[in-house]
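Each remark here refers to the structure printed beneath this line.
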Amino acid sequence: MRTLIFRSVAPYLSSLMILFSIFVLLRGHNEPGGGFIGGLIAASAMAIYGIAFGVSPVRRAIRFHPMALSGFGLFLASVAGILSVFPGVPFLTGLWIYPEVFGVELALSTPLVFDIGVYFVVFGSITSTALALEERERD
Amino acid sequence: METAMAILTGLFFAVSIYLMLSRHIIRILLGVAILSNAVNLTIFTNGRITREVPPIIPEGKAFPVEAVANPLPQALVLTAIVIAFAFFAFLLVLVFRSYQELGTDDTDEMREAEPPNEPAPPLGY
Amino acid sequence: MTFYALFVPFVAAIFAPALTRLFKHNAAWILALAPAGLFLHFLGFVEGVAAGERFTGGVRWLPSFNVNFSWFVDGLSLTFALLISGIGTLIVLYSGGYLKGHRHQGRFFSFILMFMGAMQGLVLSDSFLMLFVFWELTSITSFLLIGFNHAEERSRRSAIQALVVTGLGGLSLLAGLLMIWNITGLSELSLLLASGDLLRDSPFYLAAFVLVLGGCFTKSAQFPLHFWLPNAMEAPTPVSAYLHSATMVKAGVYLLMRLNPAMGDTVPWETVLPVFGGATLIAGTLLAVRQTDLKLMLAYTTMASLGLLVMLTGFGTEKAIEGAILYLVAHSMFKGCLFMVAGNVDHGTGTRDITRLGGLMTAMPLTFGAAILAALSMGGLPPFFGFLAKEEMYYGLASLDPWSLTFLAVAMVGNGLMFAVGFAVAIKPFFGPKVETPEHPHEGPVLLWAGPVVLAVAGLFSALFSSEFHRLISNPMAGAVAGHDADITISVVPHLGTALYLSLATVALGIAFYLGFDRLRSGMAGLLTAIGWGPDRGFDQVIDGIVRLSTVVTRWVQNGRMEYYVTATFILLVLAIFIPMGLADEWPELPEFPTLFFYEWAVILIAALGLLAVVWAKDRLTAIVSLGIQGFAVAVLFMLMGAPDLSFTQFMVETLSVVILALAMTRLRLSPQDPRSWAQFFLDGAIALASGAGFTLLLLAVLATEFNAELTEFFNTYSVQIAHGRNIVNVILVDFRGIDTFGEIAVVMVSGLAILALIRVLPKRRAANAAAPTKEVAEPIQEAG
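Protein chains in written order, with the numbering used here: chain R, 10 to 148; chain Y, -3 to 121; chain V, 57 to 841.
Right, here's the structure in full:
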């Protein structure tokens, strides 16, 4: 699989996919997309990068262990739920704020945080699996 | 459309069950992968089918303006796909590891947990 | 306050091991504060209860099911609570001395305090469910205590036996209570007591009665379910004194007394209870005579006393009930004391065999004193509390009809035999010439003799101040059992009358039995050897039978061949689809031929071809690629049916599946074919086709019904309004049904962890080779991972 063309294209392909995955994640609430799909796209990016260059560059690139990212995602999702303690509403009730940043109104919400959590869980778990299998490939 | 989907779903089930009845764990694994598709299709078809109109409300509107596809089974199936994949990956690794450990992919020869000719359990306390 | 009191013993149980580690056996002094405090707390109720008040309280637990966690205190439960906490205090102290230096003393304290909490909860429970929970909790703690010396097989057997018998009884009780609940609509004892007629008039009275008796008779060791009680003597002596004489075994009697106003006064009640109670009394005393072990002798007399209590409770006259409650109090005091005496003798000399003991009077004076006082009470001699009990019960039984006369005779013989056994326990080890014992006889420390002495003296003082005792304790208790006010007047001053003559006759009978004790014992031993079989052996046979049966069934059902399991599962699946459909005649209408666009046909065809290619694939790569084809076809189908989210997800998942399949499969050297014999091929094919057809029919039948779009409309309507999202699918996932998604991502993460763990486990063969390259390879290593 380590052909020249593949190895030349893979970094750009992977980074594009990551970028796309974030785009898909953020627009998910209003257009097709969301955390599940975003996470899967990002995980595929990592798998491609891993096939092209081996596992250790991928591990270096994402710095953290993928399962740690997954755990972080679950943590984020629970934070999104627990935030509803403060206004005293049931667990996981959606809360919205609209701060203005540079004159643009941003819609921030706990469902968004939750969706980012989903993204990380899916991304982390599947990347971890793919990398683990690729690693065995070479031993 | 729904009738066609029902028949296709039946075919998915038939193929997956045929594969799962094999004695070889790789076939069983393929069967499980297809089974998840079969189940997803069942859930999806049960929610009735609307062609080509995704359940997305146009900008500025409060309700869908035309008849859209049923969002509920889509939401159910979406998570099911991801979970089925996670499960499939787990099974794959399990198959892989058990092949490494036992050196066979024939379920008849995998008798670690229930070895043949096991002695009767002891009586008493 | 009382509500928190329910938890005090459990809290003490939590701290017991740590305290014991710090203070060794002296932790008993600290731990005894818990029951002592409870005792004082309950003493505070005495005046109020004597004045006719009832105290209730609690919290609503499941209001929608009318289930409350509620307690109530009246004369009956108060007396029990006082006995439990009072004797409990003494027992905790006693265990401090008895198990001094035992390496699991902390655990023992913990168990016994837990039991105390359970028992206290049982007698204070108002709601049925709470009663049942505490009832089972006493069975479980009793199991733990009997099996305390779990290294010995006999202990384990006894523990299991007690748990099985009382546990089954508990289930029967649960059924009975639910039945009463169903009949009356009441789930609380305090309310039930006032509505007894509702229960008695119900056609289901008899069923409820039998079920409740199942619970009471197992717990209170009534013949022929008595066999677990003597075996329970495997437990350390404090347990025997506390659980198996003073408190737990009285739970059955407690419940009978409690239900007497609601269920009593009927023909079954007044027949079954006296008959079984009387049989238990006679069987218990006869079996007691046969024993030589002090504890076993006491155990069988305990069984006999329980029989006596049940008999009196069910006899129906007011005096009999009064006799029962007096005897219950007396028995708790003297029997608890005698058990502790037996423990002291065992502790001081190293043996409990009555034929190997003698002349301990000078070596163990305090123990001897307590033993004599308790035996006098047990024998029913004045001026002890046992005397009051016996007088009162004879007043209750004495009547001239044959039914009463029979039970009078039974009571007299039983009491006479108990008199003999009591004095045998109290006198034989202490009088006579000194006998060589395994250890040099000596009196134990204060922790050991405090308990028996206090109980023995209590038996004396309660009788001397009987009028006050009756006013505060006996009358409210008898009132609660009888259902109306009671007035007990009996005192230690003997009154000439029938009861006194009967008492004298009993004592004479007892002395006669005592003198002929050895002959009686050998006679009983001969008789029992001649019978041979008993319920105790029967228990073993039943348990062995269950093990054998389950072995056979397991071998048959679970033969270790996965193919067999899978085939059976899918055959069942086919039957589960077709049989109900056929029975209800719900075959779907033949649908019209679907009209599709040509591209839809094309995608469906591709999916079908992909599927068939997976089945017929001759090599690995083809199989993987075909799997991908059917997956992508499904993704396209989702796209065509207005589900872009699903479609993307499916695309990504199928891609990743193919990638990881390819990664893993290239490592496996597999035979490409799927070898099945022709018979196998046809069977598997038939099952597969049948289930496929079944699902299609099922789906068609569902599709023919009208679609309930309520939920869909809800989501469509509120997606923007409430959740501010235009992609309804995503809104459902992250907002409306966020908690589902939360669980699902947790599953994804756990499976990721599991995969990682599975891959990281060192392959066994390699590990084994590294460790010992010769032998272990063939043998499975259990600890892998």
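Note that beta-carbon positions come from the ideal geometry of N, C-alpha and C, so glycine has one too.
With at least 16 other beta carbons inside 10 angstroms of its own, V/P317 counts as buried. Considering only beta carbons, no part of the region 19 to 30 of chain R lies closer than 8 Å to chain Y. Under the Cβ distance rule, Y/L31 does not count among the residues neighbouring chain V, no pair being separated by less than 8 Å. Within the region 191 to 209 of chain V, those residues whose Cβ lies closer than 8 Å to any Cβ of chain Y are, in chain order, E209. A Cβ-Cβ distance of about 5 Å is found for the pair V/I147 and V/P294, placing them in contact under the 8 Å criterion. When secondary structure is reduced to three states using DSSP, V/V548 falls in the coil class, being assigned neither helix nor strand. Taking the C-beta atoms as reference points, V/Q777 is found nearer than 8 Å to Y/A58. Contact annotation: V/L180 and V/W127 have beta-carbon atoms nearer than 8 Å.
R/E144 has a beta carbon lying at 8 Å or more from every beta carbon in chain Y. Chain V places no beta carbon closer than 8 Å to that of R/E109, leaving this residue out of the contacts. Take V/F486, set aside five residues on each side of it, and the residues of its chain with a beta-carbon closer than 6 Å to its own are L416, M417 and F424, in chain order. At a cut-off of 8 Å, the C-beta of Y/V78 has a neighbouring C-beta in chain V.
Taking 8 Å as the upper bound for CB-CB distance, V/F279 and V/G363 are in contact here, some 7 Å apart. Here Y/I52 carries a strand assignment [DSSP, helix/strand/coil]. In this structure the region 352 to 368 of chain V lies against the region 328 to 344 of chain V, because at least three pairs of beta carbons, one per stretch, are closer than 8 Å. Judged by their CB atoms, V/S747 and V/F626 are nearer to each other than the 8 Å cut-off. Cβ contact annotation for V/T322 (same chain, cutoff 6 Å, sequence separation greater than five): R256, in chain order. According to the DSSP secondary-structure assignment, Y/N33 is paired through a beta bridge with no residue.
Residues of chain Y with a Cβ closer than 8 Å to the Cβ of V/P591 do not exist, since the nearest Cβ in that chain sits about 17 Å away.
Counting only the Cα atoms, V/A720 lies some 7 Å from Y/F92. When C-beta distances to chain V are compared with 8 Å, the residues of the region 93 to 106 of chain Y below that value are R93, Y95, Q96, E97, D101, T103, D104 and M106, in chain order. Using a C-beta cut-off of 8 Å, the region 508 to 528 of chain V makes contact with the region 542 to 562 of chain V, since at least three inter-stretch Cβ pairs fall below that distance.
Beta-bridge partners assigned by DSSP to V/L118: V/V123. Here the alpha carbons of R/S24 and R/I50 stand approximately 11 Å from one another. For Y/A85, the chain R residues whose Cβ falls inside 7 Å of its Cβ are T138, in order along the chain. Between R/S53 and chain V, the shortest Cβ-Cβ separation is below 8 Å. The beta-carbon of R/V113 is placed no less than 8 Å from the nearest beta-carbon of chain Y.
The Cβ atoms of V/T373 and V/S301 do not sit closer than 8 Å to each other. Around the beta-carbon of V/V613, fewer than 16 other beta-carbon atoms lie within 10 Å, marking it exposed.
With a threshold of 8 Å between beta carbons, Y/L74 makes contact with chain R.
Between V/I70 and Y/F86, the CB-CB gap reaches or exceeds 8 Å.
With respect to chain V, the C-beta atom of R/G103 has a partner C-beta closer than 8 Å. In summary, V/Q176 is buried, with 16 or more beta-carbon neighbours lying within 10 Å of its beta-carbon over all protein chains present. In the structure shown, V/F371 adopts helical secondary structure according to DSSP, grouped into three states. Distance from the CA of V/L683 to the CA of R/L115, rounded to the nearest whole angstrom, comes to 43 Å.
In the DSSP assignment, Y/H20 is bridged to Y/D102.
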